[in-house]
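Asks:
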Amino acid sequence: QKEVEQDPGPLSVPEGAIVSLNCTYSNSAFQYFMWYRQYSRKGPELLMYTYSSGNKEDGRFTAQVDKSSKYISLFIRDSQPSDSATYLCAMSGSGGYQKVTFGTGTKLQVIP
Amino acid sequence: GAGVSQSPSNKVTEKGKDVELRCDPISGHTALYWYRQRLGQGLEFLIYFQGNSAPDKSGLPSDRFSAERTGESVSTLTIQRTQQEDSAVYLCASSIPGNIQYFGAGTRLSVL
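So the sequences go chain by chain: A and B. For the first sequence, the numbering used here assigns the number 1379 to the initial residue and increments by one for each residue that follows. For the second sequence, the numbering used here assigns the number 52 to the initial residue and increments by one for each residue that follows.
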C-alpha cells in the first residue's frame, strides 16, 4: 500500500463547476499537507498548505484536512479553463528536515 | 535568480551513455532536492542537500545515480550507463529548510 493514494483521473468538468480533489494517506505522522498544481511541461507550483487538521481558504480554493480519517481534499469553486492541470497532494511530518511524500496527481480538465 | 533553473530542458540519449543534469537553485535557498517523475506517476524523491551537511541519498535507485552540490549553489545529477527505465522528468526544487519547495521546470530525459 502506498503512503499516499490519489485518484489519477482524468477528471473532466464544465466551466463553473465545483471540483473536489482528494487524497488518502496511511502515515499518522504527517502534519503538513500541501496541494501543488502542475501545468503540462512545467514544474509543480504550490497552491496551498495546511498544518494539522482544519480548513483553509484562498480565493476559489479551499483545502480540508481530516486527520481522523486520514483524508485531505481540495475544492475549486467556479472552475475555469485555466485550472486545467494536474493537481498533486503532498505531505510531510513536522520538526526539522522531513521528506515530502507526493501523490500521483489528478489530471483535471475544465471544459469551456 | 528569479526561480529554480534546470538544464537542459530536454535530453535524448542512447542506452549506456552517461548524462549530467544541472540545477540552479533560488539564491539563498540552502536546501535542494532532486525528484524523478515517471509518466503518470507521482514525484519520487532521489536526494536532498542541506548546506554543508551530509546529503540524504536514500532515494537514489541505484549506484548508477549520483549527485553533487558545491556549497549552496549549483547541483548536478549524473546518471551513468543510462537504461530505458531511466526515461522520466527529473525535477529539482529548492527551499529555505523546512519551508515551501519551489520547483524548476524539469529535464525531460529520453533513453533510446
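The beta carbon of each residue, even a glycine, is placed where N, CA and C say it ideally should be. Predicted model, so just to flag it, every value in this text is computed and none were measured.
For E95 (chain B), which three-state DSSP category applies?
Replies: strand
Asks: Looking at the secondary structure, which residues open and close the beta strand (DSSP E) in which G1432 (chain A) lies?
Replies: G1432 to D1436 is the span of the beta strand (DSSP E), which, as asked, contains G1432 (chain A).
Asks: Since G157 (chain B) meets chain A, which of its residues come closer than 7 Å, beta carbon to beta carbon?
Replies: G1421
Asks: Can you tell me the Cα-Cα spacing of S1470 (chain A) and Y1429 (chain A), whole angstroms?
Replies: 10 Å
Asks: At what residues does the beta strand (DSSP E) containing L142 (chain B) begin and finish?
Replies: A139 to S146
Asks: Going by C-alpha distance, which of B:L128, B:E123, B:G122 and B:F154 is nearest G110 (chain B)?
Replies: It is B:L128.
Asks: Only counting the same chain, and skipping five residues up and downstream in sequence, which positions put a Cβ closer than 8 Å to that of G157 (chain B)?
Replies: Answer for G157 (chain B): Q57, S60, Q88, V140, Y141, L142 and C143, listed in chain order.
Asks: Does the CB of F100 (chain B) have a neighbour CB from chain A at under 8 Å?
Replies: With 8 Å as the cut-off, F100 (chain B) does not count as an interface residue toward chain A.
Asks: Roughly how many angstroms lie between the CA atoms of Q92 (chain B) and T1464 (chain A), to the nearest whole one?
Replies: So the alpha carbons of these two residues sit roughly 11 Å apart.
Asks: Kindly indicate which residue of B:F116, B:G79, B:S146 and B:Q131 has the alpha-carbon position closest to the one of G67 (chain B).
Replies: B:Q131
Asks: If we ignore side chains and look at the alpha-carbon of each, how far apart do F1439 (chain A) and C1467 (chain A) end up?
Replies: 14 Å
Asks: If the cut is a Cβ gap below 8 Å, which residues of chain B does T1482 (chain A) touch?
Replies: At a C-beta separation below 8 Å, T1482 (chain A) has these neighbours in chain B: G91, Q92 and G93.
Asks: Let me confirm a value: L163 (chain B) is counted as buried when at least 16 other C-beta atoms fall within 10 Å, else exposed. Which label applies?
Replies: exposed
Asks: Measuring alpha carbon to alpha carbon, tell me which residue in A:T1479, A:C1401 and A:S1390 is nearest V1488 (chain A).
Replies: A:S1390
Asks: Grouping DSSP H, G and I as helix and E and B as strand, with all else coil, what is S1451 (chain A)?
Replies: strand
Asks: Where S161 (chain B) and F116 (chain B) are concerned, what is the direct C-alpha to C-alpha distance, given to the nearest angstrom?
Replies: Roughly 16 Å between the two C-alpha positions.
Asks: Hey, is the stretch 97 to 106 of chain B in contact with the stretch 66 to 84 of chain B, meaning 3+ C-beta pairs nearer than 8 Å?
Replies: yes
Asks: Please confirm whether P1459 (chain A) has its beta-carbon closer than 8 Å to some beta-carbon of chain B.
Replies: no
Asks: Would you mind reading off the limits of the beta strand (DSSP E) that contains K66 (chain B)?
Replies: Neither: K66 (chain B) is in no beta strand (DSSP E) and is coded neither H nor E.
Asks: Against chain B, with Cβ distances strictly below 8 Å, would L1424 (chain A) count as a contact?
Replies: yes
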